[in-house]
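Worksheet: one structure, shown below.
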Amino acid sequence: GENVEQHPSTLSVQEGDSAVIKCTYSDSASNYFPWYKQELGKGPQLIIDIRSNVGEKKDQRIAVTLNKTAKHFSLHITETQPEDSAVYFCAARSSLNEKLTFGTGTRLTIIP
Amino acid sequence: KAGVTQTPRYLIKTRGQQVTLSCSPISGHRSVSWYQQTPGQGLQFLFEYFSETQRNKGNFPGRFSGRQFSNSRSEMNVSTLELGDSALYLCASSLAGGRGSPLHFGNGTRLTVT
């Protein structure tokens, strides 16, 4: 089945700087890659997603890039703010079984 | 539009008991998926229901079961609880399940087994 690896597990960034989280996947049939943000006491919230026919997608301060050949995708957050502090999860969905497999999460801390 | 609603938010049960968790999806969403979240294993897929039928299943023992009603509401049941079942159980709904429909999660039910 699909295996998604996520790095780093923890990340501390000075407010205003950029943060990058990277994920790799194993199943070449995966075609949908969402990113979720989970704050304390809440469920994961979808922040951005990308499909395999697109290489990059941007939404204000958040961007995701996808390299299908290398089977990796990344989340980029620019001009970080204290409210960006949370746990971020990447995920990959296989077109074969439609299951969504999550990475192990990155705890992002923004230092004021 | 109301989000995904899960009840109860917290549950404490004793080993050997059974428990039922409830999930109301976003209005119009026909697919409901369940996930178990633990610090050690992360987010693990339990099962997905679409139009009252189980469409997908993860690698969990038969003690974990679910169902979906005609109004798309879903319940998850765990029988003969074990200490290792302590976790945050998350429900997520989507318009049509896979096929590129984004998942929207509820805030979960925190189950503690003592």
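Taken in sequence, the protein lines are chains A and B. Counting from 1, position 44 in the first sequence corresponds to residue 44 in my numbering; the numbering is continuous, with no gaps. The number in my numbering is simply the position in the second sequence, starting from 1, with 1000 added. C-beta atoms are modelled at their ideal positions from N, C-alpha and C, and glycine is treated no differently.
Considering only their Cβ atoms, is the gap separating residue j from residue i smaller than 9 Å?
i, j, result
"Tyr1082/B", "Val1113/B", "The residue asked about is misnamed: residue 1082/B is Glu in this sequence, not Tyr. Yes."
"His72/A", "Thr10/A", "no"
"Phe1069/B", "Glu1048/B", "no"
"Leu1043/B", "Phe1060/B", "no"
"Val64/A", "Ser74/A", "yes"
Between the C-alpha atoms of residue i and residue j, what's the straight-line distance to the nearest angstrom?
i, j, result
"Ser1086/B", "Ile1012/B", "9 Å"
"Phe1050/B", "Arg107/A", "33 Å"
"Ser85/A", "Arg1030/B", "32 Å"
"Pro1039/B", "Val54/A", "32 Å"
"Arg61/A", "His1104/B", "21 Å"
"Arg1009/B", "Glu5/A", "30 Å"
"Thr1007/B", "Gln1054/B", "21 Å"
"Ile77/A", "Lys57/A", "12 Å"
"Arg1073/B", "Leu1111/B", "20 Å"
"Thr1109/B", "Asn1056/B", "21 Å"
Please state the DSSP three-state secondary structure of residue i.
i, result
"Glu2/A", "coil"
"Gly1106/B", "coil"
"Cys112/A", "The displayed chain sequence assigns Pro, not Cys, to residue 112/A. Coil."
"Pro34/A", "strand"
"Leu1095/B", "coil"
"Glu83/A", "helix"
"Gly1042/B", "strand"
On the CB-based measure, 16 or more other CB atoms within 10 Å of its CB, does residue i come out buried or exposed?
i, result
"Leu40/A", "exposed"
"Thr1080/B", "exposed"
"Asn67/A", "exposed"
"Thr101/A", "buried"
"His7/A", "exposed"
"Pro1025/B", "buried"
"Asn1071/B", "exposed"
"Arg93/A", "buried"
"Ala70/A", "exposed"
"Pro34/A", "buried"
"Leu96/A", "exposed"
"Gly1066/B", "buried"
"Thr1014/B", "exposed"
"Thr1020/B", "exposed"
Among residues of its own chain, excluding the 5 on either side of residue i, which ones have a beta-carbon nearer than 8 Å to its beta-carbon?
i, result
"Gln38/A", "Pro44, Gln45, Ala86, Val87, Tyr88, Phe89 and Gly105"
"Gln1018/B", "Asn1077, Val1078, Ser1079, Thr1080 and Leu1081"
"Ala1096/B", "Arg1030, Ser1031 and Phe1050"
"Ala91/A", "Val4, Phe33, Pro34, Trp35, Tyr36, Leu100, Thr101, Phe102 and Gly103"
Using a Cβ-Cβ cutoff of less than 6 Å, which residues in the same chain neighbour residue i once the five nearest sequence positions on both sides are dropped?
i, result
"Ile48/A", "Trp35, Asp59, Ile62 and Val64"
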